[in-house]
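Chemist: For the record, in the sequence shown the residue sitting at position 7 is 7 according to UniProt numbering, with numbers rising by one throughout.
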Amino acid sequence: MAAALCDSSACVQFPEYPKIECDYVSYLSSAKQDVSLDMQKASSYLAQEIQKAREHIKSSLDKQKNLIRALDTSRIDELEKTVNSLITRISELEVQLGKMRELDQMVLDRTAPAAKPAGDGGEEGGLFDSDDEEDPEAERIRAERLAEYEAKKATKPAVVAKSNIIFDVKPWGDDTDLVEMERLVRSIQADGLIWGSSKLVPVGYGIKKLQISCVVEDDKVGTDFLEEAMTEFEDYVQSVDVVAFNKVLEQPGNILALVLPSGGTAARHRKGATTGRYILSGWRLSCPT
Numbered sequence: 001m002a003a004a005l006c007d008s009s010a011c012v013q014f015p016e017y018p019k020i021e022c023d024y025v026s027y028l029s030s031a032k033q034d035v036s037l038d039m040q041k042a043s044s045y046l047a048q049e050i051q052k053a054r055e056h057i058k059s060s061l062d063k064q065k066n067l068i069r070a071l072d073t074s075r076i077d078e079l080e081k082t083v084n085s086l087i088t089r090i091s092e093l094e095v096q097l098g099k100m101r102e103l104d105q106m107v108l109d110r111t112a113p114a115a116k117p118a119g120d121g122g123e124e125g126g127l128f129d130s131d132d133e134e135d136p137e138a139e140r141i142r143a144e145r146l147a148e149y150e151a152k153k154a155t156k157p158a159v160v161a162k163s164n165i166i167f168d169v170k171p172w173g174d175d176t177d178l179v180e181m182e183r184l185v186r187s188i189q190a191d192g193l194i195w196g197s198s199k200l201v202p203v204g205y206g207i208k209k210l211q212i213s214c215v216v217e218d219d220k221v222g223t224d225f226l227e228e229a230m231t232e233f234e235d236y237v238q239s240v241d242v243v244a245f246n247k248v249l250e251q252p253g254n255i256l257a258l259v260l261p262s263g264g265t266a267a268r269h270r271k272g273a274t275t276g277r278y279i280l281s282g283w284r285l286s287c288p289t
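1) Whether or not the region 211-218 and the region 150-169 are in contact is what I'm after, with contact meaning three or more pairs of Cβ atoms, one per stretch, closer than 8 Å; do they touch?
2) When DSSP labels each residue in this structure, what does Q64 get in the three-state scheme?
3) Please report the Cβ distance between D168 and Q211, rounded to the nearest whole angstrom; I am assuming they are in contact, meaning their Cβ atoms lie under 8 Å.
4) As a quick exercise: from K209, V221, V201, K153, pick the residue whose alpha carbon is nearest that of Q189.
5) Using C-beta distances below 7 Å, list every residue in its chain close to T111, excluding the 5 sequence neighbours before and after it, in chain order.
6) Which parts of the region 154-227 are runs of the beta strand (DSSP E), unbroken and 3 residues or longer, counting only runs that do not cross its ends?
7) Give the single residue among T73, G206, E102 whose Cα lies nearest to the Cα of M170.
8) Tell me V242's beta-bridge partners as DSSP assigns them.
9) Can you check which of these residues, D224, F225, D219, E232, is closest to V248 by C-alpha distance?
10) So, D233 versus L184, is the Cβ gap smaller than 9 Å?
11) CB Q96 to CB W172, shorter than 9 Å?
12) Quick check: what's the CA-CA separation for P202 versus G192?
13) Starting from V237, follow its DSSP beta bridges and name the residues at the other end.
14) Whole angstroms is fine: what's the gap from T73's alpha carbon to K65's?
15) Check this for me: beta carbons of M230 and V240, under 9 Å apart or not?
16) Would you mind sorting I20 into buried or exposed? The rule is 16 or more other CB atoms within 10 Å of its CB.
17) Select from D175, I166, L226, D174 the residue whose C-alpha is nearest the C-alpha of S187.
18) Cutting at 7 Å between CB atoms, please list the residues of its own chain near E180, excluding the five before and the five after it.
19) Would you report the Cα separation of S85 and E49, rounded to the nearest angstrom?
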């Protein structure tokens with residue numbers, strides 16, 4: 001038995017250990033290379049994504065900068081237009097001011113006394129003449145011109161500012177006596193107030209409203225006064241609306257201009273009444289020329 005164990009032919013032959021060790025080290029190094037390659041790929045992907053995000057942020061900022069520049073340019077263009085319009089308006093005003101100065105100078109020249117003729121060669125004149133010694137004829141002419149100017153100024157007709165107003169007077173219902181309501185409205189009298197034509201306008205459900213016009217002098221009668229006076233007839237009047245307001249600049253016997261036609265914006269309501277906004281272009285004020 002002992003001899004059999006010691007027999008060299010029966011011993012197991014193992015590979016060489018250095019070769020095994022080299023193979024194992026080679027295996028470990030190849031595994032590390034695979035892991036490092038995977039890590040490099042992952043880091044490269046992250047770097048690419050970060051670069052894409054940076055490029056996206058940069059492009060967004062560039063777009064915002066371009067938009068801000070475009071907005072700033074539009075504002076600058078608007079400011080330039082405004083400045084140009086102001087310059088044009090100032091030039092027009094300067095021309096008008098120059099014309100007014102010329103007219104003032106013409107009036108002063110007409111009212112100024114005639115120049116005193118120079119004295120003879122033997123008499124001392126010029127700066128050494130006395131202011132108290134004036135030509136009676138020049139004094140008379142100056143007085144006549146001043147009198148003519150004052151008379152013309154006194155007889156010049158004053159401009160009278162008037163307005164043509166159209167009211168909508170709404171009743172409480174279809175059982176309201178519209179004839180009596182119109183009579184009450186026309187009973188409102190004041191200096192500078194003239195009532196005009198009227199008509200009944202259907203509203204709906206058998207209800208009609210009173211539409212009445214008047215001419216007032218702006219310095220004497222206002223819309224607030226008329227609305228308050230009409231709403232005092234609370235048994236008949238539900239609400240009062242201003243339908244149209246035509247501004248009239250007039251001289252006695254001569255109409256100058258008809259301006260500012262517009263819809264009514266003032267209204268006075270009672271007990272939750274509703275109102276509308278209307279423009280009646282057919283109503284106009286006629287004055288003899």
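Note that CB positions come from ideal geometry on N, CA and C, so glycine has one too. This structure is a prediction, so every number in the text was calculated from the model and none was measured.
Modeler: So, from the listed chains and residues:
1) yes
2) helix
3) 6 Å
4) V221
5) R145, L146, Y149
6) 160-171, 193-204, 207-217
7) A quick correction: the sequence has Lys, not Met, at residue 170. Measuring from the Cα of K170, the nearest candidate turns out to be G206.
8) F167
9) D219
10) A quick correction: the sequence has Phe, not Asp, at residue 233. Yes.
11) no
12) 30 Å
13) P171
14) 12 Å
15) yes
16) exposed
17) L226
18) Y236
19) 54 Å
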